[in-house]
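Okay, so here's the structure we're looking at.
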Amino acid sequence: MGARAQGAFRKLLKYDREMFQNDHTVLEHAPRFPTFRSVSLRWQLRDHVCMADDHTHVQEFFTARAADWDTRFPDDGPAYAAAVDCLALGPGDAVLDAGCGTGRALPALRAAVGPRGTVLGVDLTAAMLESVVRAGRDRSGALLLADVARLPLRPQSLDAVFAAGLISHLSRPGPDLAELARVVRPDGQLALFHPIGRAALAARHGRRITDDDLRAEHNLRPLLSRSGWRLESYTDEDDRFLALALRTP
-2 MGARAQGAFR KLLKYDREMF QNDHTVLEHA PRFPTFRSVS LRWQLRDHVC MADDHTHVQE
58 FFTARAADWD TRFPDDGPAY AAAVDCLALG PGDAVLDAGC GTGRALPALR AAVGPRGTVL
118 GVDLTAAMLE SVVRAGRDRS GALLLADVAR LPLRPQSLDA VFAAGLISHL SRPGPDLAEL
178 ARVVRPDGQL ALFHPIGRAA LAARHGRRIT DDDLRAEHNL RPLLSRSGWR LESYTDEDDR
238 FLALALRTP
């Protein structure tokens, strides 16, 4: 990393300490991980980013689509807000948007936890975080360029995790969901969400639903159970997919 990038990294960390005192409390070894808000992500701080090495295809897919993602799906905002409401978050809670993309859930999450709460948006793709900043949604929380399979967060530091469209992009669903469980307190919540249901999503991509779909209830329930979660409710309708789970003790 060059001197300019190192200086920028130090500046970002200082910005984090000054502007995200609540969010900073959940970070483990925070100085190793960049936190962004209303700043350019042009610096590639790969030495300080916690991510696995096998996600290049995911980064390439979303990097190519980040700039126009919101214009392709302009009407999803209310669905995100309604899903966040189902988490029943309270003032002062700490919540992670895992695979936050362009940050469509961040404003609703901030509204739910209030100014004393903690909102973190984590994504593997820098271009997606740039889109969060361009849309102004970075004002709702701290952004981390990180892999949800290796989160730079302290154990049991969160009250909830919101994850939209994430599970189909997990390379190791069991261990990755267990990593989400690691950072959530016992009886904390997990919301696995998509703004359209499985059948509608399959039709959008010219496919049919198969029995091995991870989001099918008969697959998802035991997967969550093995990963430290208990499935509490399951909704799969044309206009929403939402699975709510609780962290087991």
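Going left to right, the sequence shown walks through residues -2 to 246 as the working numbering numbers them.
Beta carbons: idealized from backbone N, C-alpha and C, even for Gly.
This one's a predicted model, so the numbers in the text were calculated from it and none came from an experiment.
Between the C-alpha atoms of residue i and residue j, what's the straight-line distance to the nearest angstrom?
i    : j    : result
R237 : V158 : 18 Å
D156 : R204 : 36 Å
A124 : D94  : 16 Å
L221 : V130 : 32 Å
A242 : G133 : 30 Å
G171 : G96  : 16 Å
R34  : R201 : Residue placement at R34 cannot be trusted, given a pLDDT of 39 that sits under 50; what the coordinates show is reported in the next sentence. Using only the alpha carbons, I get a separation of about 34 Å.
S128 : T99  : 5 Å
D233 : E214 : 9 Å
R223 : G185 : 16 Å
L216 : A80  : It should be noted that the sequence gives Asn, not Leu, for residue 216. If you take the alpha carbons of N216 and A80, they lie about 22 Å apart.
S230 : R101 : 23 Å
A109 : A76  : 15 Å
D209 : S154 : 33 Å
S168 : W226 : 18 Å
D173 : A78  : 25 Å
D44  : L121 : With a pLDDT of only 31 at D44, under the threshold of 50, the placement of this residue in the model should not be trusted, and no figure is reported.
L84  : L228 : 13 Å
L126 : D82  : 23 Å
When you compare the CB positions of residue i and residue j, do they come within less than 7 Å of one another, or not?
i    : j    : result
I254 : A199 : In the structure as shown, the chain starts at -2 and stops at 246, and residue 254 therefore has no counterpart that could be examined.
R244 : A175 : no
D235 : A197 : yes
R195 : R218 : no
P246 : P183 : yes
D141 : F190 : It is worth fixing the name first, because residue 141 is Leu in this sequence and not Asp. The answer is no: Cβ separation not under 7 Å.
V116 : L150 : no
Between which two residues does the beta strand (DSSP E) carrying residue i extend?
i    : result
H191 : V181 to H191
R244 : R237 to R244
A157 : L155 to A161
R227 : W226 to E234
L141 : A139 to L142
Just checking my contact of residue i with residue j at CB under 8 Å: how many whole Å lie between their CB atoms?
i    : j    : result
V92  : L106 : 5 Å
P88  : G111 : 4 Å
G138 : L103 : 5 Å
G114 : D90  : 5 Å
Considering just the uninterrupted stretch of the alpha helix (DSSP H) at residue i, what are its terminal residues?
i    : result
L220 : E214 to R223
L106 : L103 to V110
L93  : No alpha helix (DSSP H) holds L93; the beta strand (DSSP E) holding it covers A91 to A95.
V81  : G74 to D82
V116 : V116 -> not in any alpha helix (DSSP H); beta strand (DSSP E) instead, spanning T115 to D120.
L126 : A123 to R131
A197 : R195 to R201
Can you confirm whether the region 145 to 153 touches the region 162 to 173 when touching is taken to mean that 3 or more C-beta pairs between the two stretches lie within less than 8 Å? yes
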